[in-house]
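Here is the structure we will look at, set down as structure tokens.
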Amino acid sequence: MGLETKPLSSLHAKSSYDPADFGVPTGREEEWRFTPLSRLKGLHDGTAAVTGNVLVTVDAAPEATVETAGRGDARIGAAYVPEDRVSAQAYASFEKATVITFPREAVASKPTVITFAGSGEGAAYGHTVVVLEPMAEAVVVLEHTGSAVYADNVEFVVGDGATLKVVSLQDWADDAVHVSHHHAQLGKDATFRSFVVTLGGDLVRLSPSVSYTAPGGDADLTGLYFVDAGQHLEHRLLVDHSQPNCKSNVVYKGALQGEDAHAVWIGDVIIRVEAEGTDTYELNRNLLLTDGARADSVPNLEILTGEVAGAGHASASGRLDDEHIFYLQARGIPFDEARRLVIRGFFGQLLEKIELPELRERVSAKVEAELER
């Protein structure tokens, strides 16, 4: 399968399954200018030695069907065409894909948990497909742990009237490198809810995207990240509105502490000519807790039709509010505890959106552990 071009929009205009259709990144390209290529360990230029292993295990809801599929399976790559060289390399290099299917009108009785456990330094590639047939409902949790150099693609195919809620937890070891693309394709009146939590790893570059195949789709993308000294955590989002009367809402928040802690957030939203009645908004907030931390935040909104219900974006990065800290200290709360309370409040509304109590408590505990550092 060769190169595909997307007309009219200047954002994400090229896609292909073949890595050769993308030039080797140099760092001067817009899509790579924030990423430290030297820390990708060869994932970007094809020199990564494929000697690593990431074990994929699935604890599935009883209503789901779990399969291991070969490259020739028609469901693989049907919803998503890679849009950068690493994603295309992952598509060209994986050996077996995990395919999880929720049948028509099934309501999953428990979350399906997919665990990705790294166990070595060599590179590995993967592919996962989650299919919800029409009117199905499911919760899927992706957990990433261990040490790895890993690139993968995840496709979420949400059928007409179906509802999919996804929580993706990146809790890698300190030396891990992970480059991943998560793509959700929404059918008519489909609902997609995504919550991304990125805490671990040396370098993590995660690219969630959404596309619509019919009117009435509703996507909500939420993210939380905590960047420590030396870490590079990057989130690059794309919502491509190509159908009328669809919705999207994006809210990502991050906190950074330590020398050379670096967060990157890119939020791209395209409203194409035919997407009349679109209602979209994206927001990114970064809290810089110490000197030496850096946050790059770039929202992009491209509107190609004059008939929209709503469209906007906002982005801000700053330090803790001295007035908030003073207010708490004036009431007898020590500085360190006042600082923690302000940061908890910063993340509080996001954490409430995790509907699974046990997972919400785990994420809250991990944020608390970051604050104790």
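In the working numbering, the protein residues as written are 177 to 549. Positions of the beta carbon are idealized from the N, C-alpha and C atoms, including for glycine. Owing to the predicted nature of the structure, the values given are computational and were not obtained by experimental measurement.
Span of the beta strand (DSSP E) around residue i
i	result
residue 294	288-308
residue 539	Note, residue 539: premise wrong, no beta strand (DSSP E); alpha helix (DSSP H) at 533-548.
residue 353	353-362
residue 412	408-417
residue 521	Per DSSP, residue 521 belongs to no beta strand (DSSP E); it is in the alpha helix (DSSP H), 511-527.
residue 487	484-495
residue 273	273-278
Residue interval of the alpha helix (DSSP H) (run including residue i)
i	result
residue 236	Run containing residue 236: none; DSSP gives neither H nor E here.
residue 264	261-269
C-beta contact flag for residue i and residue j at 7 Å
i	j	result
residue 270	residue 306	no
residue 235	residue 289	yes
residue 375	residue 542	yes
residue 244	residue 286	no
residue 492	residue 456	no
residue 445	residue 472	no
residue 280	residue 310	yes
residue 397	residue 373	no
residue 264	residue 210	no
residue 278	residue 318	no
residue 193	residue 256	no
residue 447	residue 412	no
residue 247	residue 195	no
residue 228	residue 324	yes
residue 327	residue 282	no
residue 314	residue 360	no
residue 304	residue 274	yes
residue 458	residue 475	yes
residue 470	residue 438	yes
residue 345	residue 385	no
residue 496	residue 516	no
residue 191	residue 259	yes
residue 407	residue 388	no
residue 276	residue 242	yes
Presumed contact (8 Å Cβ cut-off) between residue i and residue j, rounded CB distance
i	j	result
residue 362	residue 334	5 Å
residue 377	residue 353	7 Å
residue 383	residue 417	Incorrect: roughly 17 Å between the Cβ atoms, too far for contact.
residue 489	residue 480	Actually they are not in contact, since the Cβ atoms of residue 489 and residue 480 sit about 16 Å apart, beyond 8 Å.
residue 171	residue 400	Residue numbering for the chain in the displayed model covers 177 to 549; residue 171 lies beyond these limits and cannot be assessed.
residue 501	residue 518	7 Å
residue 291	residue 233	5 Å
residue 201	residue 379	Contact flag wrong, Cβ pair sits at about 14 Å.
residue 404	residue 538	Rounded, the Cβ-Cβ distance is 18 Å, inconsistent with contact.
Quiz item: Where are the beta strand (DSSP E) runs, 3 residues long or more, that stay fully inside the stretch 325-403, in chain order?
Solution: 339-346, 353-362, 367-374, 379-388 and 394-403
Quiz item: Which full runs of the beta strand (DSSP E) of 3+ residues lie inside the stretch 421-469, going along the chain?
Solution: 423-432, 438-447 and 454-464
Exercise. Report yes or no: do three or more beta-carbon pairs, one from the stretch 464-478 and one from the stretch 415-432, lie closer than 8 Å?
Key: yes
Quiz item: Touching or not, the stretch 387-396 and the stretch 353-373, by the rule of three or more beta carbon pairs under 8 Å?
Solution: yes
Exercise. Decide yes or no for the touch test of the stretch 296-303 against the stretch 215-231: beta carbon pairs closer than 8 Å, at least 3 of them.
Key: yes
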